[in-house]
Every structure is written in structure tokens, then in C-alpha cells.
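Engineer: Next up is a structure, given as C-alpha cells.
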Amino acid sequence: MSTFTSELVAAGLAGTALEPGQTGYEDEVAGFNAAVVHRPEVVVGARSADDVVRAVRFARARGLRVAVHSTGHGAHTAVTGGMLVATRRLDRMQIDPGARQTIAGAGVRWGAVIAGAAPHGLAPIAGSSPNVGVVGFLSGGGIGPLVRSHGFGSDHLVGATLVTGAGDVVTTSAEENPEILWALRGGTPRFGVVTEVKVSLAHVPALYAGSLFFDEPHIEAALRGWISWTERADPRVSTSMAIVRMPPIEAVPAPLRGRRVLTLRFAFPGDAEEGVRLAAPLRAVAPVLLDGLDALPLAEVPRIYNDPAGPVPAWVSGGLLATVDQDLATVLLRHVGAGTDSPFLAAEVRHLGEATERDVPGGSAVGGRAARFTFGLIGTNPAHFAAVLPEVEAVLVGDLARWLSPEANGNFAPHPHVRGPARPDQMPATRARLSELARRYDPDSLFR
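Using the working numbering, the first residue of the sequence shown is number 922, and each one after it goes up by one.
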């Protein structure tokens, strides 16, 4: 048994502690993004909050930096030393229908919460993928299918438990340590390991949602039509568009397989009759190749985006837009539209505003209240990750410069290896407040 492993076991660790070369190490460090291969000196698979305390105190005593992962969706850069705390085993989840809340461990994924809440007519303000971890999504802000009607996912965080960089267990709520709750609401704070969260659930008696697909010859009409439609969109409706090069694989529906298409995602928390009326202008922007809009059971919310189950190799970069217009459409079409040779699998724009404009009682560190759209770029060919995608992304984002928001959002951030001018960061006052909290709760900078 190696040194770190034996010492952690001797310290009472109930979970696993593994070092490179030991059986199970590769599985323990693996995450959703198969392109990111972590190589910490030791990975701790925590089974409880007590395990996290032991791990953090161990790391602090030995001067090891600490990184955390659950599902690995947000991984862009490999951990190459120190300690990695894997929280996927902290998977306890409880639904309280009366309080309209869920308590979820750090290893819980949104799919479990969606399935548990749906029978009660409740829904979490979750991400587009059921495989995304609850904690990472909330700490980065969280932009999902119901973003305009219900706000950022982090707006619904009401409490949490975490282990600080000093190895102390701290709880936070509106009444207790509220400054930590403020930070966890979208600030991507790095001063501890969240072990459990309490999240409010929305009452959604009906949902009309899904996707419309438009074939390559109609991408321009669909994009321009959607952009015009967003100028007068109903505040209860959340939409996004993505231009996607569908892979020629069995998992893709036959009408879409191997095609470049534009997909419009639509979500209205209301009855089908009104949903049909609200969606009618989007159905009319161009001939529809495949119509997937319908009354949707709450348990099937992930069908709106149909994100891959993974793991997959992925290169992801994004940001926030202050506004969009037809000139922006022209830029996008030149880079990723019909007939182009773009190296990206998908280019996406999501509509924000309405509920995202309003901060929650007690405040939040989330970035993007003033932004009206997000943009995202996704590549899946590892041969392009090191040079091609960063170069092409830099040119595209340079062409989008006049529409960029001065704010940044933790879940829609530039790839760490992008090129060109500096990108927007957290607002100075937010960054300063987060830095002060990090000095207080992580005095030895274990997590920075």
C-alpha cells in the first residue's frame, strides 16, 4: 500500500484512497469529458462528509493542493498533482413535496432529482443534461431549459454544507453564514468542498416543450427568424438555438443522421393549447424537418436538449452576449452556417432575460444578470483540440466582440486555452468579495 493511501486509511477514511498505478485509480479520476485525464498524486473517493474532512485536513498538513470533481462535466484542464476529491458517492437525495425542496449530496445528478420531483408536479431548475452534477451546476450559476421563466439554477439554492480549506464543516443558509450562500449562488467559489445542498423546487403543473429541427438549406431563415422572434418573446418562454453537425450514428434519429441542422429548443411551463399558440411563430420561420414540440411530462425534461449521456471527448468554450441582432446572425452564418467547413460540432445561443434579470433575496454572486444571451462552441475531435479549435474560436469571438457582455458566467466561460484578447471576467466587486471569503475559509490556499 502506497504512502498516501496507507496514511489516509490509518486516519480513518471509509472511502477509497488511490495513487497512480493502483487498481481502480483510472476509474476514480475519470469524468464526463474523456479528453481531460486527471493525474493527481492521490484521489480520494469520499463516502461521507467525514471522509472529506479527513481528506482536506490530510492535504493541508502535507501541503497538497486540492481539486474536486463529481461528474467531470466542467473539466477543461487536467489535475496533474496534489489531491483530487471525488464526491460521486455522496449521492443521498430526498424530496420534500410539502416544502417543495430537495436535499442532494454532492454526487447527485439532476436526472435523479427530476425523476424524484416529477410525481409531485415539481421540477428543479436544472441543466439541459440529466447527467450534470447538481453542485457544480449551481455553483457556476446554472442556465437550463426554464431559465427565462424561473431564472438561474443558483437562484433556487437555499442552503448547503461544505468542508472549508481549514477542514471545518460549515453550514450556510439565509440565516447562517449567508455570505457563503451568496458565493455558492453562481460565484464558482474555491474555498471548500460542498458535500450537500438544499434546493427549492418549482411547481410546474404542465409543460409544453421540445425541439424543432430545420435542414441545412433553411438554417439562415430559421436563425434570422428566431432572432427577430426573441425581440418580442413571451417572458414565460425559454428558447435556444444550435447549429449542429449531426453525426451519422444510430443514436441520432434517422431524419437528422449525418445532416447539418439548426435546432430550436422551446420550453413553456403551461398547458399545450397555449404552448401551441406561443410556438406557432417559430414553426413558421422555415420548413420544419422534424417537429418534437409537444406536451412533455416533467420526468422527460431532458428530452428538450437530448444531450449525450457520455462520456465523450469535448472542447467547450462560451460566453455571454449583451444583445443579438441580424448582423450577429450574419457573423454566425459566415463561420458555422450552411456550406461552411467549421471544425465545431455545434454552435449555440441561448436566450436569457426576464427571471435572470432579478436577483434573489440575500443576493448572489452569479454573473449574467444584465446579459441577454449566451453563446457556446463545442468540438469533439481530439485532433483539433490543441490548435485548430482555439485558433478558429479566437477569430469567431473576435468577430463577435461588439456583442459581448462585460460579465462572465461560471458555466458559460471561455475555454482555459483560448487565444486572443482577454475575455470578460467576474465583475470587480464580486471578485473582491469572493477573494476575501477565500482568504477567510481557505487560509492556506488549498483550493486556488
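Cβ coordinates follow ideal geometry from the N, Cα and C atoms, glycine included.
Excluding the five sequence neighbours on either side, which residues of its own chain have a C-beta within less than 6 Å of the C-beta of G1062, listed in chain order?
Structural biologist: F1073, S1075, G1107, V1287, N1330, G1331, N1332
Engineer: Once you ignore the five residues that flank W1103 on each side, which residues in its own chain have a CB closer than 7 Å to its CB?
Structural biologist: G1283, G1284, S1285, A1286
Engineer: Taking C-beta to C-beta, are L1005 and V974 nearer than 7 Å?
Structural biologist: no
Engineer: With three or more C-beta pairs closer than 8 Å as the rule, is the region 1077-1095 touching the region 1174-1192?
Structural biologist: no
Engineer: With a cut-off of 8 Å on the beta carbons, I'd call P1190 and R1157 a contact; round off their distance for me.
Structural biologist: Between R1157 and P1190 the Cβ distance is about 7 Å, and since that is below 8 Å, they are a contact.
Engineer: Thinking C-alpha only, which one of P1066, G1019, A1259 is nearest T1277?
Structural biologist: P1066
Engineer: On the premise that F1368 lies in contact with R1111, defined as a C-beta separation below 8 Å, what is that separation, rounded to the nearest angstrom?
Structural biologist: 4 Å
Engineer: If you draw a straight line from the alpha carbon of S1050 to that of V1056, how long is it in whole angstroms?
Structural biologist: 14 Å
Engineer: With burial defined as no fewer than 16 other Cβ atoms inside 10 Å of the residue's Cβ, what is the status of D1248: buried or exposed?
Structural biologist: Exposed.
Engineer: For S1161 and Q943, I'd like the C-alpha separation in whole angstroms.
Structural biologist: Their Cα atoms are separated by approximately 44 Å.
Engineer: Name the DSSP bridge partner or partners of S1238?
Structural biologist: L1298
Engineer: Identify which residue in D1136, A996, V1197, L1043 has its Cα closest to the Cα of P1126.
Structural biologist: L1043
Engineer: Quick check on DSSP: helix, strand or coil for F1058?
Structural biologist: helix
Engineer: Going by Cα to Cα distance, which pick from R1271, S1326, D1365 is closest to I1064?
Structural biologist: R1271
Engineer: Three or more C-beta pairs under 8 Å: does that hold for the region 1143-1152 against the region 1230-1244?
Structural biologist: Judged by Cβ distances under 8 Å, the region 1143-1152 makes no contact with the region 1230-1244, as fewer than three pairs qualify.
Engineer: For G936 versus A967, is the C-beta spacing smaller than 7 Å?
Structural biologist: yes
Engineer: How many Å lie between G1026 and K1119 at the Cα?
Structural biologist: 9 Å
Engineer: Classify Q1347: buried if its beta carbon has 16 or more other beta carbons within 10 angstroms, exposed otherwise.
Structural biologist: buried
Engineer: Can at least three beta-carbon pairs, one atom from the region 1208-1221 and one from the region 1122-1142, be found at a separation below 8 Å?
Structural biologist: yes
Engineer: At the level of alpha carbons, what is the spacing between S1070 and A931?
Structural biologist: Cα to Cα, the separation comes out at about 51 Å.
Engineer: Could you tell me which uninterrupted alpha helix (DSSP H) segments, each at least 4 residues in length, are contained entirely in the region 1035-1086, listed from first to last along the chain?
Structural biologist: 1055-1060, 1068-1071
Engineer: Using the rule of at least 16 other Cβ atoms within 10 Å of the residue's Cβ for burial, across every protein chain shown, is V1316 buried or exposed?
Structural biologist: Taking all protein chains shown into account, V1316 has fewer than 16 neighbouring C-beta atoms within 10 Å of its C-beta and is therefore exposed.
Engineer: Just to confirm, is the Cβ distance from V1114 to A1267 under 7 Å?
Structural biologist: no
Engineer: Evaluate contact between the region 1032-1039 and the region 990-1003, counting only Cβ atoms and requiring at least three cross-stretch pairs below 8 Å.
Structural biologist: no
Engineer: For P1208 and V1257, what's the separation of their Cα atoms in angstroms?
Structural biologist: 20 Å
Engineer: Alpha helix (DSSP H) containing V1118: first to last residue?
Structural biologist: Taken as a continuous stretch (DSSP letters only), V1118 belongs to no alpha helix (DSSP H), being part of the beta strand (DSSP E) at 1113-1121.
Engineer: So, at 6 Å on beta carbons, what are the nonlocal neighbours of A1259 in its own chain, with the 5 sequence-adjacent residues on each side left out?
Structural biologist: E1137, I1140
Engineer: Using the Cα positions of V1281 and S1326, report the straight-line distance between them to the nearest angstrom.
Structural biologist: 21 Å
Engineer: Straight-line CA distance for R1009 to A1205?
Structural biologist: 44 Å
Engineer: Kindly indicate which three-state DSSP category G1026 falls into: helix, strand or coil?
Structural biologist: strand
Engineer: What is the DSSP secondary structure of S1326, counted as helix, strand or coil?
Structural biologist: coil
Engineer: Taking Cβ to Cβ, would you say L1199 is nearer than 7 Å to D1155?
Structural biologist: yes
Engineer: Is it the case that the Cβ atoms of R1344 and P1337 are separated by a distance below 7 Å?
Structural biologist: Contact: no.
Engineer: What do you reckon, are the CB atoms on A955 and V1197 nearer than 7 Å?
Structural biologist: no
Engineer: What residues in its chain sit with their C-beta under 7 Å from that of P941, if we drop five residues either side in the sequence?
Structural biologist: Correct list, in chain order: R960.
Engineer: My assumption, with CB atoms under 8 Å, is that E1269 sits in contact with G1231. Please give the rounded CB distance.
Structural biologist: Actually they are not in contact, since the Cβ atoms of E1269 and G1231 sit about 17 Å apart, beyond 8 Å.
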